[in-house]
């Protein structure tokens with residue numbers, strides 16, 4: 001992984017991914033007691049930065065391989081990012097999802113042209129086996145959600161934009177809080193900023209109880225979460241940081257920051273009110289850290305990513321109740 | 001009013017107003033049966049295009065006049081646009097609001113540095129008299145919400161961006177639906193497109209029962225609404241088109257399009273789900289027309305403005321229930 005892979009991904013994404021805006025509001029600055037800039041990846045195609053990684057990975061395949069199609073395991077944003085990218089290239093995308101995934105996510109993926117294959121978690125069906133069989137039969141290429149260099153490179157294009165937008169806003173020193181699951185976006189942004197804006201320091205942002213990355217950064221080895229599923233921030237829940245992402249995070253990131261689910265809901269509500277954008281809980285955790293844990297952050301300026309590919313209206317209503 | 005005033009306003013706004021993105025989603029295209037591009041003015045500072053007009057008007061004043069401050073009558077987006085612009089110039093903004101305005105709007109205006117002066121609608125206090133007295137005492141300049149050339153010029157900068165973004169998207173023919181109250185935004189965009197993209201045809205979009213502009217375009221004279229207040233689309237309810245705006249609309253616009261309040265709520269919900277942006281009912285009426293009345297539109301591509309400076313969470317919850 002290096003900056004050249006990210007700039008190459010940026011060239012492939014140009015004209016296809018959106019250059020998402022950096023938003024701000026005096027009201028949010030007041031809450032945080034610092035300047036807060038919000039990188040609005042919720043406005044990316046499919047509602048999250050996952051489109052960048054999906055496009056990067058699909059576009060990096062040679063024509064012959066790509067023609068056969070791609071396959072991904074995901075019930076959420078990665079599924080939609082890969083499906084949308086594959087459709088744009090006119091190639092099949094098979095998405096393996098649990099049969100009990102929310103119908104919203106299944107339909108959302110189908111609407112983007114994804115061929116959804118459901119497996120039954122309860123009866124012990126093995127999704128890896130199903131995926132491997134399909135991949136073998138049809139010559140599909142597996143696109144992993146984060147531990148895949150071209151996916152990390154795609155997410156890194158968000159970091160290139162942050163570097164430029166921070167410079168445009170006159171910001172040379174800042175802490176950059178990134179919503180962190182397996183670490184693909186965090187590693188990609190960290191690599192981009194190392195090359196383009198080394199005084200912007202990246203911190204992974206995670207929900208309480210799922211702070212595997214923060215603990216891994218302290219211990220120096222890949223820690224696991226005690227609980228591996230459930231929780232409002234499902235978009236960013238992974239058992240542990242990735243094999244490829246963790247060494248990058250360990251080398252480049254400052255300490256992880258953690259916020260509660262309730263704080264994530266409040267951050268969603270404040271983004272609704274003051275920025276007019278829609279985030280999901282996992283995609284609001286970095287903003288929650290920025291707003292409610294700014295005492296743990298050194299710089300006067302915080303940049304936080306926000307995203308929201310699959311927002312359950314019921315959860316959004318719960319967030320609005322916090323206003 | 002001419003294009004030179006708009007390009008001059010654009011020069012004054014540069015670096016201060018946001019260049020708002022043009023969003024889209026395959027799901028919205030499917031609903032409309034046409035390509036739909038959404039000009040996301042909800043992402044403008046203060047949540048609506050009113051910031052453009054406010055900045056344009058305040059920045060057009062000579063230094064001596066501006067130093068004394070400005071005054072506006074508004075309980076909504078115009079108040080916040082003017083307050084934010086005045087604060088940026090370091091000059092006072094007095095905003096006259098009814099005492100029974102939602103506390104959210106009063107506080108939102110104060111948070112932006114506006115000096116809110118409340119009057120009592122019920123007891124018959126005359127807001128014009130209060131405003132005139134204050135303006136006289138303090139040398140304040142009145143900034144009208146739409147019937148003011150520099151405000152129209154400011155809103156027109158949104159049209160310059162639409163012309164450029166449509167060209168970037170390969171769109172040369174389109175119908176442009178604009179949420180229309182007094183007609184400031186609609187007239188500004190129409191003037192900008194006349195000069196920069198004459199094959200983009202503007203249509204005012206209004207809620208049922210408040211279609212004064214649509215009826216005025218048919219009769220050729222300024223018609224009034226039977227009911228002058230109330231309704232979900234309060235952000236764009238005015239008794240009739242403006243004296244300055246109407247001749248521009250009559251010369252440049254195609255027929256008005258009308259949608260129901262329920263359709264506005266559904267458009268808000270679809271913008272939530274597919275675009276991840278927050279609109280208020282009045283700011284979603286053009287998208288509602290695009291999605292649910294596309295049969296009245298000739299082109300294959302529709303561009304719709306969307307905005308949402310003051311969204312009541314309760315109204316937003318009602319919108320989410322339509323999903």
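Chains as they are written, first to last, in full-length UniProt numbering: chain A, 1 to 323; chain B, 1 to 323.
All C-beta atoms, glycine included, are put in the ideal place defined by N, C-alpha and C.
> Going by the beta-carbon positions, is the gap between residue 297/B and residue 264/B smaller than 8 Å?
Replying inline: Taking the first residue of the second chain as position 1, residue 297/B is located at position 297. Taking the first residue of the second chain as position 1, residue 264/B is located at position 264. No, they are not a contact pair.
>> Just to check my reading of the structure: residue 254/B and residue 280/B have Cβ atoms closer than 8 Å, yes? What is that Cβ distance to the nearest angstrom?
In response: Taking the first residue of the second chain as position 1, residue 254/B is located at position 254. Taking the first residue of the second chain as position 1, residue 280/B is located at position 280. Incorrect: roughly 25 Å between the Cβ atoms, too far for contact.
>> Quick check on DSSP: helix, strand or coil for residue 83/B?
In response: As a working note, residue 83/B is residue 83 in the second chain. Three-state DSSP puts residue 83/B in a helix.
> Distance, Cα to Cα, residue 1/A vs residue 202/A?
Replying inline: Position 1 of the first chain, counted from the start, is the residue given in the question as residue 1/A. Position 202 of the first chain, counted from the start, is the residue given in the question as residue 202/A. Rounded to the nearest angstrom, the gap between the Cα atoms of residue 1/A and residue 202/A is 17 Å.
> Among 270/B, 290/B and 62/B, which residue has its Cα nearest to the Cα of residue 323/B?
Replying inline: What you label residue 323/B is simply residue 323 of the second chain in a count that begins at 1. That would be 270/B, whose Cα lies nearest to the Cα of residue 323/B.
>> Contact defined as beta carbons within less than 8 Å: I believe residue 256/B pairs with residue 206/B. What is the distance between those atoms, to the nearest angstrom?
In response: The residue given as residue 256/B occupies position 256 in the second chain. The residue given as residue 206/B occupies position 206 in the second chain. Under the criterion of beta carbons closer than 8 Å, residue 256/B and residue 206/B qualify as touching, at roughly 6 Å.
> Taking Cβ-Cβ distances shorter than 8 Å, what residues in chain A pair up with residue 42/B?
Replying inline: Locating residue 42/B in the second chain gives position 42, counting from the first residue. Ordered by position in chain A, the residues that pass the 8 Å Cβ test against residue 42/B are 276.
> What is the C-beta distance between residue 109/B and residue 95/B, in whole angstroms, given that I count them as a contact (C-beta under 8 Å)?
Replying inline: Against the second chain, residue 109/B aligns to sequence position 109. Against the second chain, residue 95/B aligns to sequence position 95. 5 Å between Cβ atoms; contact.
>> Contact defined as beta carbons within less than 8 Å: I believe residue 183/B pairs with residue 57/B. What is the distance between those atoms, to the nearest angstrom?
In response: Counting from 1 along the second chain, the entry for residue 183/B is found at position 183. Counting from 1 along the second chain, the entry for residue 57/B is found at position 57. Not confirmed; about 16 Å, so no contact.
> Using a beta-carbon distance cut-off of less than 9 Å, what residues from the stretch 89-119 of chain B approach chain A?
Replying inline: Taking 9 Å as the Cβ-Cβ cut-off, the stretch 89-119 of chain B approaches chain A at 104, 108, 111, 112 and 113, given in chain order.
>> Using C-beta distances below 7 Å, list every residue in its chain close to residue 127/B, excluding the 5 sequence neighbours before and after it, in chain order.
In response: Reading the second chain from its first residue, position 127 is the one you call residue 127/B. Only 73, 96 and 119 meet the Cβ criterion.
> Closest by CA to residue 289/A, which one among 104/A, 214/A and 65/A?
Replying inline: As a working note, residue 289/A is residue 289 in the first chain. Comparing Cα-Cα distances from residue 289/A to each of 104/A, 214/A and 65/A, the minimum goes to 214/A.
> Quick one: Cα of residue 15/B to Cα of residue 123/B, how far?
Replying inline: Position 15 of the second chain, counted from the start, is the residue given in the question as residue 15/B. Position 123 of the second chain, counted from the start, is the residue given in the question as residue 123/B. A direct Cα-to-Cα measurement between residue 15/B and residue 123/B gives close to 44 Å.
> Apart from the five residues just before and just after residue 291/A, which ones in its own chain have a Cβ nearer than 8 Å to its Cβ?
Replying inline: Taking the first residue of the first chain as position 1, residue 291/A is located at position 291. Same-chain partners within the cutoff: 28, 31, 32, 36, 263, 266, 267 and 270.
> Any residues in the stretch 26-40 of chain A with a beta carbon nearer than 9 Å to a beta carbon of chain B? Which ones, in chain order?
Replying inline: Using a CB distance below 9 Å, the part of the stretch 26-40 of chain A facing chain B consists of 26, 27, 30 and 40, ordered along the chain.
> Taking the runs of the beta strand (DSSP E) that are 3 residues or longer, which of them lie wholly in the stretch 85-153 of chain A?
Replying inline: 93-98 and 115-119, all fully within the stretch 85-153 of chain A.
>> Could you check whether the Cβ of residue 168/B sits closer than 7 Å to any heavy atom belonging to the ligand ADP?
In response: Within the structure as shown, the ligand ADP is missing, as the structure has no ligands at all.
> Counting only beta-carbon atoms, is residue 18/B nearer than 8 Å to chain A?
Replying inline: If you number the second chain from 1, residue 18/B lands on position 18. Using beta-carbon distances, residue 18/B counts as an interface residue toward chain A, with a partner under 8 Å.
> Is the distance from the Cβ of residue 305/B to the Cβ of residue 173/B below 8 Å?
Replying inline: Numbered from 1 along the second chain, position 305 holds the residue referred to as residue 305/B. Numbered from 1 along the second chain, position 173 holds the residue referred to as residue 173/B. It is not a contact, given that the beta carbons lie outside the stated cut-off.
>> Which runs of the beta strand (DSSP E) at least 3 residues long sit entirely within the stretch 216-293 of chain A? Give them in chain order.
In response: Listed in chain order, the beta strand (DSSP E) runs fully inside the stretch 216-293 of chain A are 257-259, counting runs of at least 3 residues.
> For the stretch 146-166 of chain B, which residues have a beta carbon sitting closer than 7 Å to at least one beta carbon of chain A?
Replying inline: Cβ contacts with chain A come from no residue of the stretch 146-166 of chain B.
>> Using a 10 Å radius around the Cβ and a threshold of 16 neighbouring Cβ atoms, would you call residue 227/A buried or exposed?
In response: On the first chain, residue 227/A is found 227 positions in, with the first residue counted as 1. Its Cβ having fewer than 16 others within 10 Å, residue 227/A is exposed.
>> At the 8 Å Cβ level, is residue 308/B part of the contact set with chain A, yes or no?
In response: The residue given as residue 308/B occupies position 308 in the second chain. Judged by the 8 Å Cβ criterion, residue 308/B is in contact with chain A.
>> Against residue 272/A, what residues of chain B qualify as contacts under a CB-to-CB distance less than 9 Å, listed in chain order?
In response: To locate residue 272/A, count along the first chain from 1; it is residue 272. Here the neighbours are 278, 311, 313 and 316.
> Do residue 194/B and residue 252/B have their C-beta atoms closer together than 8 Å?
Replying inline: As a first step, residue 194/B must be located in the second chain, where it is residue number 194. As a first step, residue 252/B must be located in the second chain, where it is residue number 252. For residue 194/B and residue 252/B, yes; Cβs fall inside 8 Å.
>> Is there a Cβ of chain B sitting closer than 8 Å to that of residue 281/A, yes or no?
In response: Walking along the first chain from the start, residue 281/A turns up at place 281. No, residue 281/A lies away from the interface with chain B (no Cβ there is under 8 Å from its Cβ).
> So who's on the other strand from residue 206/A, going by DSSP bridges?
Replying inline: Translated into positions along the first chain, residue 206/A becomes position 206. Checking the DSSP bridge columns, you'll see residue 206/A partnered with 258/A.
> Would you say residue 287/B reaches chain A, if we count a Cβ-Cβ gap shorter than 8 Å as a contact?
Replying inline: Position 287 of the second chain, counted from the first residue, corresponds to residue 287/B. It does not; no Cβ of chain A falls within 8 Å.
>> Mapping the DSSP letters down to three states, classify residue 29/B as helix, strand or coil.
In response: Taking the first residue of the second chain as 1, we reach residue 29/B at position 29. In the structure shown, residue 29/B sits in a helix (DSSP, three-state: H, G or I).
> At least one CB of chain B closer than 8 Å to the CB of residue 323/A: is that the case?
Replying inline: Numbered from 1 along the first chain, position 323 holds the residue referred to as residue 323/A. With its beta carbon less than 8 Å from one in chain B, residue 323/A belongs to the interface.
> What residues in its chain sit with their C-beta under 7 Å from that of residue 5/B, if we drop five residues either side in the sequence?
Replying inline: In the second chain, the residue the question calls residue 5/B occupies position 5. Short of 7 Å from the beta carbon of residue 5/B, and not among the five residues preceding or following it, lie these beta carbons of its own chain, in chain order: 149 and 153.
> Roughly how many angstroms lie between the CA atoms of residue 23/A and residue 275/B, to the nearest whole one?
Replying inline: Taking the first chain and counting its residues from 1, one reaches residue 23/A at position 23. Taking the second chain and counting its residues from 1, one reaches residue 275/B at position 275. Rounded to the nearest angstrom, the two C-alpha atoms are 16 Å apart.
>> Give me the chain B residues within the contact set of residue 207/A, using Cβ-Cβ distance strictly less than 9 Å, ordered along the chain.
In response: The residue given as residue 207/A occupies position 207 in the first chain. Residues of chain B with a Cβ closer than 9 Å to the Cβ of residue 207/A do not exist, since the nearest Cβ in that chain sits about 20 Å away.
> Using a C-beta cutoff of 8 Å, does residue 230/A count as contacting chain B?
Replying inline: As a working mapping, residue 230/A is identified with position 230 in the first chain. Not closer than 8 Å to any Cβ of chain B, the Cβ of residue 230/A fails to qualify, so no.
> Can you name the residues of chain A whose CB is closer than 7 Å to the CB of residue 320/B?
Replying inline: Within the second chain, numbered from 1, the residue matching residue 320/B stands at position 320. Within 7 Å Cβ-Cβ: 313, 316 and 317.
>> Taking beta-carbon pairs under 7 Å, can you tell me which members of the stretch 42-65 of chain A lie near chain B?
In response: Within the stretch 42-65 of chain A, 42, 43 and 47 place their CB atoms closer than 7 Å to a CB of chain B, listed in sequence order.
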